[in-house]
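Residue numbers (my numbering): 374 to 563.
Glycine included, C-beta positions come from ideal geometry on N, C-alpha and C.
Notes to accompany the following structure.
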């Protein structure tokens with residue numbers, strides 16, 4: 374089995390870097406009155422993986438970095454089950470997650486050596502836009518622990534999973550008629 378991860382530390386970011394215990398700001402409400410706005414927010418400590426492409430990060434083309442939330446499989450399954458998603462207990466759900474057949478989710482491989490990682494799930498439905506300077510400060514903190522970075526080709530697999538989720542198109546398409554028409558065409562072949 375190939376290792377999906379390498380450990381890294383210090384400045385510099387790449388797509389697929391896992392930032393553990395990152396303080397992400399969540400905006401709960403915005404009230405606008407005339408020319409002023411009141412913002413209600415909170416800081417939530419998350420594990421997040423960098424979605425922004427490495428080439429944009431290396432060439433300083435972006436001021437903001439996109440993070441997707443990462444949750445251990447055990448915590449994800451527990452939260453889903455508590456929310457009424459009983460399918461999460463099935464082997465078919467795990468099989469579909471492993472195959473990448475659940476578009477908003479991606480399974481991240483466990484890692485045993487330090488820094489370790491349990492089997493985890495990226496949820497592309499929970500994204501955070503973070504000022505690059507905040508992430509620069511976070512990884513440059515004295516005593517900053519090592520972080521994990523996806524290796525190639527798993528980094529590209531991650532990018533592809535995000536692209537599949539974002540590019541999907543829901544068409545009002547009813548192809549049930551094809552089942553009958555297609556069968557008739559095949560029968561005519563002899």
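{"Check": "Residues near residue 565 in its chain [Cβ-Cβ closer than 8 angstroms; skip 5 each side]", "Outcome": "Nothing can be reported for residue 565: it is not among the residues displayed for the chain, which extend from 374 to 563."}
{"Check": "Residue closest to residue 377, alpha-carbon to alpha-carbon, out of 549, 561, 436, 488", "Outcome": "488"}
{"Check": "Beta-carbon proximity of residue 430 to residue 502, cut-off 8 angstroms", "Outcome": "no"}
{"Check": "For residue 390, the residue or residues it bridges with in DSSP", "Outcome": "522"}
{"Check": "In DSSP terms, what residue 508 is bridged to", "Outcome": "Per DSSP, none; premise fails for residue 508."}
{"Check": "Length of the line joining the Cα atoms of residue 425 and residue 556", "Outcome": "46 angstroms"}
{"Check": "Helix, strand or coil at residue 436 according to DSSP, with G and I counted as helix", "Outcome": "coil"}
{"Check": "Per-residue DSSP class, three states only, for residue 421", "Outcome": "strand"}
{"Check": "Rounded C-alpha distance that separates residue 480 from residue 458", "Outcome": "18 angstroms"}
{"Check": "Spatial neighbours of residue 482 in its chain, beta-carbon cut-off 6 angstroms, leaving aside the 5 residues before and after", "Outcome": "377"}
{"Check": "Reduced DSSP category for residue 514 - H, G, I as helix; E, B as strand; rest coil", "Outcome": "coil"}
{"Check": "Where residue 542 falls: helix, strand or coil (DSSP)", "Outcome": "coil"}
{"Check": "Enclosing beta strand (DSSP E) for residue 490 [first to last residue]", "Outcome": "Premise fails: residue 490 is in no beta strand (DSSP E) and is neither H nor E."}
{"Check": "Extent of the continuous beta strand (DSSP E) to which residue 377 belongs", "Outcome": "That residue, residue 377, is in no beta strand (DSSP E); it is neither H nor E in DSSP."}
{"Check": "Residues near residue 538 in its chain [Cβ-Cβ closer than 6 angstroms; skip 5 each side]", "Outcome": "476, 477, 497"}
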